[in-house]
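In our numbering, the protein residues as written are 3 to 372.
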């Protein structure tokens, strides 16, 4: 398999085995863990918990990447799974608060809330447990009026998803044969708009006349809805679809594989992890926008363990921090497209190009292409 490296300075060894599925509950016995191992004598005295959103730890996307980072942290510092580190899976929004409380009550040193949907729950539980430390992924507990973060015991982890999405937009534009590509988002929000804006900008940077169709599913965990939207887009002529929809995106892969079986030349661009395998055996994954949630979880856990917890701060992972990239698996990406990605990576890193992250910034970007 052809691989291409993009200089991941903080590169981690990712877990490659299939992760265990789990039922969503705050119960200690239902945390979705493998059999507990015995920690070596030299294991550090530090406990890290993780609360998933409703997509679950085996969503082949965002939550799974976070769990891989936590597992790598546990392995690096000899923590026993289920004791030194574990997750609780949320089957519904109502389980966020109980799951967060479980870790706080158990005296965990750090608890991650995976996804912006946990913003309100983590705010409430962090306020109730000022001696506990939390990390919120993909949102900011920030008061713009006072130019300050709300809570000193919450680290705010964000990514420059628009930068990575721009790069896969370049790839989509270089591979479409219909000059029409699609974007499927989960829940419409400022966060997912970053994926959308960056992707559209990447496409338009190659050819301003290309069409990008956009639709939101309103859900991160509805594969059937993802398949339905993909059906419509492919039937309307889009031949490459980029999804930023978590578990909903699994349905996009299903639809693409069915069409590939019938001889149609269609592609999917994955998100968060290298989703090459999700496109097999029909081989429909063109590339993926890898959002290194694993790196963020590892780094913030390590900082907290070393007494450098970034509470009341924003910790940003972008292209420069190796927080976003195109996937290392590039079997289906042309050399021309890869060369273009490297060219624009350089422009982004040296400040020559500012990738749009909002609708307004995207409109301004289009003006620069005229």
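Backbone N, C-alpha and C define an ideal beta-carbon position, used for all residues, glycine too.
One Cα belongs to residue 313, the other to residue 194, and the distance between them is close to 25 Å. The Cβ atoms of residue 225 and residue 249 sit closer than 8 Å to each other. Boundaries of the alpha helix (DSSP H) around residue 105: 98-107.
Within the region 228-277, the alpha helix (DSSP H) runs of at least 4 residues that lie entirely inside it are, in chain order, 251-263.
Of the residues 292, 121 and 92, the one whose Cα lies closest to the Cα of residue 156 is 121. As summarised for the region 100-183, the continuous beta strand (DSSP E) elements at least 3 residues long and confined to that stretch are 112-116, 136-139 and 156-161, given in chain order. Taking every protein chain shown into account, the CB of residue 199 has 16 or more other CB atoms within 10 angstroms, so this residue is buried.
Under the three-state reduction of DSSP output, residue 49 falls in the coil class, being neither helix nor strand.
Judged by DSSP in its simplified three-state form, residue 185 adopts strand. Remark: fewer than three beta-carbon pairs, one from each stretch, lie closer than 8 Å, so the region 76-88 and the region 276-295 are not flagged as touching. At the C-beta level, residue 328 and residue 247 stay beyond 8 Å of one another.
Residue pairing by DSSP places residue 319 opposite 161 in a beta bridge. Classified as exposed, residue 344 has fewer than 16 neighbouring CB atoms from the shown chains inside 10 Å of its CB. Distance between residue 53 and residue 295, taken at the CA atoms: about 14 Å. Across the set 178, 238, 197 and 219, the C-alpha of 178 shows the shortest separation from the C-alpha of residue 211. A residue is called buried when at least 16 other Cβ atoms come within 10 angstroms of its Cβ; residue 132 does not meet this threshold and is exposed. In chain order, 239, 240 and 241 place their CB closer than 8 Å to the CB of residue 180, counting only its own chain and leaving out the 5 sequence neighbours on each side. The continuous beta strand (DSSP E) containing residue 213 extends over residues 213-218. Within the same chain, and ignoring the five residues on either side of residue 227 in sequence, the residues whose Cβ sits closer than 8 Å to its Cβ are 219, 220, 221, 250 and 253.
Rounded to the nearest whole angstrom, the CA to CA distance from residue 215 to residue 183 is 6 Å.
Beyond the five residues adjoining it in sequence on each side, residue 145 comes within less than 8 Å, by CB distance, of 151 and 152 in the same chain, given in chain order. Counting of Cβ neighbours within 10 angstroms places residue 347 among the buried residues, the total reaching 16 or more. Sequence-distant Cβ neighbours of residue 367 in its own chain, meaning closer than 6 Å and more than five residues away, are 203 and 358.
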